[in-house]
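A short write-up of the structure that comes next.
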Amino acid sequence: MLWLAPVYLLGGAATIYAKRWSRWSQRGDATDNTLIFLFWPAVDVGVVLWHLSNALNGAEAVGRIDMLVWHVLKRKVDAGEKGKLYIGPSPETEPLARLRVVDFTTKEIHWIRVPPNMERVEEALAWSFDMAEEDYTPEVTA
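Written out as structure tokens, the structure is:
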């Protein structure tokens, strides 16, 4: 499984700068807007720099990189009219599953984290409302 090597959770540097010198950090410690993390070739450098330039601190930057990598390495499990269900790697012990749904009134895309054992969009959507799939019957759908 691919994961960042220089994060402070693993005892390494929290940030690696372009000139290859590193900065050790504690949670909540402020960082520059120009920091670069070690990453693997599957991730676009421009996207990584954009995410990091908007991060408030080292811990937030690590979280943003985790999500960026998840988006690159995710795979689709199911798709339907109500949304798309994806699963991908996570630095946690189990894979990370997310349901992608679109709010049809505002056209906003929402990502809902669901348990990794979900196999169908309808099941994940019902779970997000704390219901069983057979109990989830909305009166109005888009």
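Here UniProt numbering is used: the first residue of the sequence shown is 1, the next is one more, and so on. Virtual Cβ for every residue (Gly too), placed ideally from N, Cα, C.
What distance in whole Å lies between the Cβ atoms of V101 and I87, which are believed to be in contact at a cut-off of 8 angstroms?
-> At roughly 16 angstroms, the Cβ-Cβ gap does not stay under 8 angstroms, so I87 and V101 are not in contact.
Quick one: give me the first and last residue of the beta strand (DSSP E) that E108 is part of.
-> E108 to V114
So, are the CB atoms of V124 and L85 less than 8 angstroms apart?
-> Here the sequence assigns Ala to residue 124, which means Val is not the residue at that position. Taking 8 angstroms as the Cβ cut-off, A124 and L85 qualify as a contacting pair.
Sorted by chain position, which residues of the same chain lie with C-beta nearer than 8 angstroms to D135's C-beta, five sequence neighbours on each side aside?
-> The answer, listed in chain order, is A126.
Distance CB(L99)-CB(I112) smaller than 8 angstroms | yes
How is D135 classed by DSSP in three states: helix, strand or coil?
-> coil
Taking all protein chains shown into account, do 16 or more other C-beta atoms lie within 10 angstroms of the C-beta of G83, making it buried, or fewer, making it exposed?
-> buried
Can you give me the start and stop residues for the beta strand (DSSP E) that R75 sits inside?
-> R75 to G80
Length of the line joining the Cα atoms of E133 and E122 = 6 angstroms
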